[in-house]
């Protein structure tokens, strides 16, 4: 069986700047909508130290296990506004485990959707 590998281009300074803006917008959105709980961002360097099996090629990780966002993304709820917010910055997210999601750069072939795990 052929092994699939996926290489992502190194993030540009502009992409990283946009990622920072998206992070701030997501934090504001979660506060406004009462979705924070104990959700927190995890820098990818800290994520790598944990040696988790998923999302190791993500640009940013959001831990959501103690957040109402966990329930919305895993058990159903209106996530359209959250999806649109992420997409407006040129990123998409996917769930690694039920309690974390990673941000990746959006390209024309991908849909905004939370899934258990998918290679892009």
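Residue numbers (my numbering): 21 to 140.
Just so you know, even glycine gets a beta-carbon here, dropped at the ideal spot from N, CA and C.
*Check whether residue 92 and residue 61 have beta carbons under 8 Å apart*: No. Outside cutoff.
*Taking the alpha carbon of residue 30 as the point to measure from, which residue in 114, 98, 96, 78 has its own alpha carbon closest?*
Among 114, 98, 96, 78, the Cα nearest to that of residue 30 is on 78.
*asked:* According to DSSP, is residue 23 part of a helix, a strand, or is it coil?
replied: Note that residue 23 scores 44 on pLDDT, short of 50, meaning its location in the model is unreliable and no value can be drawn from it.
*asked:* What I want to know is whether the C-beta of residue 42 ends up closer than 7 Å to one or more non-hydrogen atoms of the ligand GDP.
replied: Of ligands this structure carries none, so the ligand GDP is not represented either.
*asked:* Helix, strand or coil for residue 122? Go by DSSP, reduced to three states.
replied: Secondary structure of residue 122 (DSSP, three-state): strand.
*Residues near residue 70 in its chain [Cβ-Cβ closer than 6 Å; skip 5 each side]*: Taking residue 70 as the centre and dropping the five residues before and after it, the same chain places no C-beta closer than 6 Å to its C-beta.
*asked:* According to DSSP, is residue 108 part of a helix, a strand, or is it coil?
replied: DSSP places residue 108 in helix when its eight states are reduced to three.
*Can you tell me the Cβ-Cβ gap for residue 120 and residue 89, rounded? I've got them flagged as a contact below 8 Å.*
Residue 120 to residue 89, Cβ: 11 Å. No contact.
*Bridge-paired residues (DSSP) for residue 64*: Paired residues: none, contrary to the question.
*Pairwise C-alpha distance: residue 47 and residue 41*: The alpha-carbon atoms of residue 41 and residue 47 are separated by roughly 10 Å.
*Between residue 118 and the rest of its own chain, which residues show a CB-CB distance below 6 Å, the 5 nearest in sequence each way excluded?*
The residues are 94.
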